[in-house]
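Before any comments, here is the structure.
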Amino acid sequence: MNPARDLPASTPPAPAGERRWPDALIILGGTGVLAGLWLDARHAAFAWLLAFLFYLSLSLGALFLVLMHHLFDAAWSAPLRRVCEHLAALVFPWLALAFLPVAAFASHIFGGNLRGGSSAPTLAAPAWLAASAFCFVAWWWLTRRLRFWSLEQDRTGAVECVRRLRTCSGAGIVMLAITLTLAAVLWLERLTPQWVSTVVPLGFFAGSVWVAVAAVYLIALALRRNGVLAPVLSARQFYFLGIVLFAFTILHAYFEFSQYLIIWNANLPAETFWFGLREQGTWFAAGLILVFGHFLVPFLALMRMDLKLRAGWMAPLCVWIGLMHWLDLAFWVQPVIAPAGWPWQWAWLDAACLALLGGILAKAFRKDLAAHAPFPVNDPRLAEALAETEETIGGLAANPDNPE
Amino acid sequence: MTKTAAIRNGVRLAPPPPELAREPWVANQRSAAWVADRGAALAEGRTPRWWWRAFVPSVLALLLLVTLLAYQVSTGVGVWGNNAPVMWGWDIVNFVWWIGLAHAGTLISAILLLLRQHWRAAVNRTAEAMTIFAVLCAAIYPALHVGRAWWDWWLLPVPNSTGLWPQFRSPLIWDFLALGTYFTVSLLFWYLGLVPDLAVMRDRARTRLRKLAYGWFALGWTGSNRQWRHYQKAYLLLAGLATPLVLSVHSIVSLDFAVTQLPGWHSTIFPPYFVAGAVFSGFGLVLALVIPLRRRCGLEDVITQRHLDAMCKVTLAAGGIVAYAYAVEFCAAWFGGNPDERAAWANRIAGPSAWAFRVMILCNVALPQLLWSRRMRRQPGVVLVVAVLINVGMWLERFVIIAGSLERDFLPANWGAFRPTWVDIGTFIGTFGLFFTCFLLFLRFLPMISITEVKYLTPPAAPAAGRPTFVEPKPTAPARPTGFGVLAEFATREDARRAARRVRAAGYRRWDVFTPHPLAGLDRAMGLKPSPIGWFAFGGGVIGFVTGVWLVWFTNAVDYPILVGGKPMFSPVVAIPPAFELTILFGAIGVVTGLLWRSRLPCLHHPLLHRRGFKPLTRDRLCLVIEAADPKFSETEVRQLLTSLGGRLIKSAGE
């Protein structure tokens, strides 16, 4: 079984203008971050943590999509698997490197919460560092194994590769459950350790997958436009991406709402203070923007079947979803340092951190994408993913097992 | 499928190697007719002996239930073991357990439909029936644990004699709304799925009574594509409504506990954790029912090894989430720094009910790990044992949470222990009687697999056995149309689609294609516009939501304001659960209304239904009819057209 010979084995070089924007982001962002560090290291550390968590969630969400593809023995997502693998692989070394400043400034960010106190539950700094390192090692192993066997499959097309990928995914989903929970607890909940809510890791998970699907949709649109993935993308891929996006819009809202309802109704001061803090000043408005922008707008925008396929509708929506996910994380992180309201004067620093890290990751992603075939050419389900059935989208009368 | 590599857009698409080829959902090349025969066998044939052997004890247990409930109502709720501090004992444990079991039915029928998991077709009918009967069993407990069951109507949004309304800030009222909506929507969904199968049963019926009964409930379904078009949309929309509904039902059940302040109850992960637990136990029950059934009814070719495998995987996944929730709850209690939470967990692990906790961990966490192995998943005996033990474990989980937490609240002076009475135990056994009596009656009188949907999973080229003889067209056609129209049968799905395209191109207006199952691509071939049923669902949903919010606001803040726990008289936060349930309820009613209206049902008289040639159509035929009422209709031309398209004419109406 040979890989398709008449296919571009890698991405064709992008036009010069397009190639340069990550560099521009890095330069602009880097300048901003340096300026921020010089002006106020604590604010810079918080802004960096926020950017780090944003891209981390994107990467972990993509890892989840890869694992689901293998565990479900899915067909429709086969053409997009490589993109997800590359996104997931950003977690090591790039996001691990991005974590180093967080670790270095841990005392600025988490303050006494790491060193120990009298009333708050504490976690010693070495334990915190060890748990963090464990997460990155686990992700490193997992993303590398998944990509290694996937590339091996490109080369040989052996059944063994599929078996390995599935076994790896079986172990991987358990590892991801543990490490993603740790990530949410160590880097998010640790900001306010007095507040314990058991659903927080699930909310972080749902948001991660949500933003990852939106990113994959955008990347798929871009790669269809420049022709790289055009031969293997059909309406089906976009439609199902839209469905997953819709499902996770609801899932995230479900987690967040049930958390709010339970805490609101039980009315324990030890818990309500977290929301009370986030009703001060402009944070109240931010919360309302999240209710409508994070849930209601995408929910209504994704309801219709035909709109899930329209690039002109979906591309702005996916950007909006990225923005909302960032705001959701900011709603977690920023009130700790700016309880009075949104720190407008530091908005440029948040943007600079996002730009710097985003630029670096975009460069790395592009390099990975160019180095290998843009989709798994020997995936056994590729034929099924592209089979031309008389499938009415959304109808019952769809039977991929018996293509006519 | 062709076995050679195809090239599409320059991409070489090789078929998967044999080790990775997908097994068919219908094994041994069974045909559509075989599926219809086998699916209807138990409902049509003689009552088998095993059925009686199961039915008699079930009815006896049901009688026990009726007796004990009468005893409980007449004597008082004290005949149960509930007592301070455990005011919710076996009654609520059993309620949560039964309602949890119900969830697998909706998951299989709705969520798997949305996920395009075609294996649901073989088990969805059984699972949905299970849902409805399990909800019935569950509903007994909250209705009777109030002690004065004759005042249950206070749950309805009707003011009582002092003008007091239900208190919508209580999760118990949400529970009532959720349960009512869930039962109604499940019933609608189940019935909607049954309609085409009831038409199959009607057309197969040999006695007049059966023909009338099935005919009445089949609503005059003919399987015309103009009906299928709305039907598919309606079914999909109901699935879309049932999916958030099923999440909400067990979430609301979990809120009964989670919104309180009791350690062990108050945890924000409760809603998703309860939903996963419900799916987990529900799949356990589906497996436990389906494994013996497929053997007894000879359905191994329809409910295949691959089906069991898939169900085991769902069970494993749901079990994984449950195990995750246990771990997160434990860690949060242990490391979270709340001494009460920590004490609650210490009590679970080492307190007086520690045995229940340990058995629960064994059944719910340790044992299901066997299902990681493909070999284990493919051994029905092993799966059956695991499935039954999961249900034992899930019952214990509810016991640990409910009774275990109540036994040890904040104040040591309040501590106590729960002991069930014989009435508790007898009532619980009795609910099995109710469940199995209903379930066995369902098996005996309704097709236990979704004949219509499984048919579509059969290989398209499978030869239909025992074709009846066809009446060839008369050599001299009558000059003027004398009946309903001309029917022609087509051999393959592609022929039917081509014929539809040609008939449409020829400019006919009153014509239709009759198929035993929805046929992909036919809507386009016939030039039908998308069904407008979505607007009915949307309209119903909006009305439901507005009604819900208005109801909560009007009753609790305007008409009879009640102050509860210092909460505001009206808050959108508490209005959302009731409003959500009404959104789903009204949306579903909108869907069904839209379907009936747009596809002109019920239609208790249809000229085609009286024709002998039409009878096998709901079984396995594809047929096109051009009506005599069409303005262009000319019998000679129509006959010519249909014959030239490869159709075999069936005697036209009136001849």
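In order, the protein sequences belong to chains A and B. So the first sequence is numbered by our numbering: it starts at 157 and just counts up by one. So the second sequence is numbered by our numbering: it starts at 17 and just counts up by one. C-beta: ideal position from N, C-alpha, C; glycine also.
| request: Would you mind stating whether G280(B) and A360(B) have Cβ atoms separated by less than 8 Å? | output: yes
Worksheet item: What separation, rounded to the nearest whole angstrom, lies between the Cα atoms of V344(B) and R358(B)?
Response: 13 Å
Considering only the alpha carbon of each residue, which of P178(A), Q490(A) and P530(A) lies closest to E345(A)? Q490(A)
So which of S288(A), L379(A), R319(A) and A314(A) has the shortest CA-CA distance to T335(A)?
-> Comparing Cα-Cα distances from T335(A) to each of S288(A), L379(A), R319(A) and A314(A), the minimum goes to S288(A).
Contacts around F451(B), its chain only, beta-carbon distance under 6 Å, and the 5 residues preceding and following it disregarded:
F149 and C153
Based on Cα-Cα distance, which residue from G449(B), A52(B) and V439(B) lies nearest to A215(B)?
A52(B)
| said: What does the alpha-carbon distance come out to for the pair E435(A) and G443(A)? | reply: 8 Å
*Can you list the alpha helix (DSSP H) stretches of 4 or more residues lying completely in the region 384-423 of chain B, in chain order?*
390-393 and 396-415
- Buried or exposed: which applies to R46(B), given that a residue is buried once 16 or more other Cβ atoms fall within 10 Å of its Cβ? Buried is the label assigned to R46(B), since at least 16 other Cβ atoms lie within 10 Å of its Cβ.
Q. With DSSP run on the structure shown, which of helix, strand or coil describes C324(A)?
A. helix
What is the rounded straight-line gap between the Cα of L79(B) and the Cα of W366(A)? 52 Å
Problem set entry | Under 9 Å by beta carbon: chain A residues contacting V589(B) | F413, Y416, L417, W420 and N421
List the residues of chain A whose Cβ lies closer than 9 Å to the Cβ of P687(B), in chain order.
Any property of residue 687(B) remains undetermined from this structure, which presents chain B solely from 17 to 671.
query: Quick one: is N241(B) near chain A, going by C-beta distance under 8 Å?
result: No, N241(B) does not count as interfacial toward chain A.
* What's the gap between the Cα of I189(B) and the Cα of L427(B)? -> Each residue's Cα considered, the two are about 28 Å apart.
- prompt: What's the gap between the Cα of R537(A) and the Cα of G326(A)?
  reply: 19 Å
Cβ of R24(B) within 8 Å of any chain A Cβ
yes
* Under 8 Å between C-beta atoms of G564(B) and P584(B) -> no
Inset, instruction - Determine the burial state of E241(A): buried for a count of at least 16 other Cβ atoms within 10 Å of its Cβ, exposed for fewer. - result: buried
*asked:* Please report whether the beta-carbon of S353(A) lies at a distance below 8 Å from any beta-carbon of chain B.
replied: Chain B contact via Cβ: present.
*Partners in chain A for G581(B), counting only beta-carbon separations shorter than 8 Å*: N423
Quiz item: Are three or more beta carbon pairs between the region 516-523 of chain B and the region 217-233 of chain B nearer than 8 Å?
Solution: no
Kindly give me the distance between the Cβ atoms of S213(A) and S353(A), rounded to whole angstroms, as I take these residues to be in contact under 8 Å.
So it is not a contact: roughly 18 Å between Cβ atoms.
>> Can you tell me whether E39(B) is helix, strand or coil according to DSSP?
In response: DSSP places E39(B) in coil when its eight states are reduced to three.
TODO: Measure from the alpha carbon of C317(A) to the alpha carbon of each residue in H226(A), D484(A) and A422(A), then state which is nearest.
DONE: H226(A)
(message) Under 8 Å: do the region 263-275 of chain B and the region 236-244 of chain B share three or more Cβ pairs, one atom per stretch?
(response) no
What ranges does the alpha helix (DSSP H) occupy inside the region 262-296 of chain B, keeping only unbroken runs of at least 4 residues that lie completely in it? none
Flag this pair as touching only if the region 233-247 of chain A and the region 517-530 of chain A have three or more C-beta atom pairs under 8 Å; answer yes or no. yes
* Assign D229(A) to one of two classes, buried (16 or more other C-beta atoms within 10 Å of its C-beta) or exposed (fewer than that). => exposed
Amino acids of chain B, ordered along the chain, whose beta-carbon sits closer than 7 Å to that of Y410(A) = L263
Exercise for review: At 9 Å on the CB atoms, spell out the chain A contacts of N380(B), in chain order.
Suggested key: The premise fails here: N380(B) is roughly 16 Å from chain A at the closest Cβ pair, so nothing lies under 9 Å.
| Does any residue of chain B bring its CB to less than 8 Å from the CB of G267(A)? | no
_List, from N- to C-terminal side, the beta strand (DSSP E) runs of 3 residues or more that fit wholly inside the region 503-567 of chain B._
Listed in chain order, they are 527-530.
### Message
For T474(B) and V42(B), which I take to be in contact (beta-carbon distance under 8 Å), what is that distance rounded to the nearest angstrom?
### Response
5 Å
Checklist entry - For K471(B), which residues of its own chain have a beta-carbon under 6 Å away from its beta-carbon, when the five flanking residues on both sides are left out? => result A48, V51, P532 and H533
In whole angstroms, give me the CA-to-CA distance for I337(B) and F286(B). Between I337(B) and F286(B), the C-alpha separation is close to 12 Å.
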